[in-house]
Amino acid sequence: MSKQLSLVVLVVEDEPLIRLDAADMIEDTGCNVLQAGNADVALTTLKRRSDVQVLFTDIDMPGSMDGVELAHYVADKWPGISIIIASGKLGLDKMDLPTGAVLLAKPYPSSQVELALQNAARNRPFY
Numbered sequence: 147m148s149k150q151l152s153l154v155v156l157v158v159e160d161e162p163l164i165r166l167d168a169a170d171m172i173e174d175t176g177c178n179v180l181q182a183g184n185a186d187v188a189l190t191t192l193k194r195r196s197d198v199q200v201l202f203t204d205i206d207m208p209g210s211m212d213g214v215e216l217a218h219y220v221a222d223k224w225p226g227i228s229i230i231i232a233s234g235k236l237g238l239d240k241m242d243l244p245t246g247a248v249l250l251a252k253p254y255p256s257s258q259v260e261l262a263l264q265n266a267a268r269n270r271p272f273y
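The numbering used here runs 146 ahead of the 1-based position in the sequence shown.
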């Protein structure tokens, strides 16, 4: 990783090993990482913390909503939070995502994660 970032990133992933791997990858960029195992825990975190700048979420998760629903909710409730969505699903239409959201295909290389975070730090969409 080249440039050190200083963002607060909430990683939402129900698979603990994947969540830890993503968190480590994001921490390597200099970001502060919070973790949640599902959307319900993520929403509790977002209600308690006003410093979250990026939501990094998986799509398939148990709980009251999946990652796409969470992304839309966060985009509506906290429009200043940048959204990065990771998925192993093929053919997810960008029209299903909130405006400006980033979609990373699993397995995602650290360079793509870093670029998405750099663009989030500049408040620009990643295309």
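Even for Gly, the Cβ is constructed at its ideal location relative to N, Cα and C.
Ranked by Cα distance from residue 206, the options 196, 217 and 199 are led by 217.
In the DSSP assignment, residue 164 falls outside any beta strand (DSSP E) and lies within the alpha helix (DSSP H) extending over 162-173. Burial state of residue 228 is buried, judged by a 10 Å Cβ sphere holding 16 or more other Cβ atoms. In summary, residue 245 is exposed, with fewer than 16 beta-carbon neighbours lying within 10 Å of its beta-carbon over all protein chains present. A straight-line Cα-Cα distance of about 16 Å links residue 235 and residue 160. Residue environment analysis places residue 163 among the exposed positions, since fewer than 16 neighbouring C-beta atoms fall within 10 angstroms of its C-beta. In terms of Cα proximity to residue 185, the closest of 225, 219, 226 and 268 is 219. For residue 189, the closest C-alpha among the options 167, 203, 177 and 178 is that of 203. For residue 178, the enclosing beta strand (DSSP E) stretches over residues 178-182. Rounded to whole angstroms, residue 171 and residue 255 show a C-alpha spacing of 9 Å. Distance between residue 213 and residue 232, taken at the CA atoms: about 9 Å.
Here residue 262 is buried: its Cβ has 16 or more other Cβ atoms, across all protein chains shown, within 10 Å.
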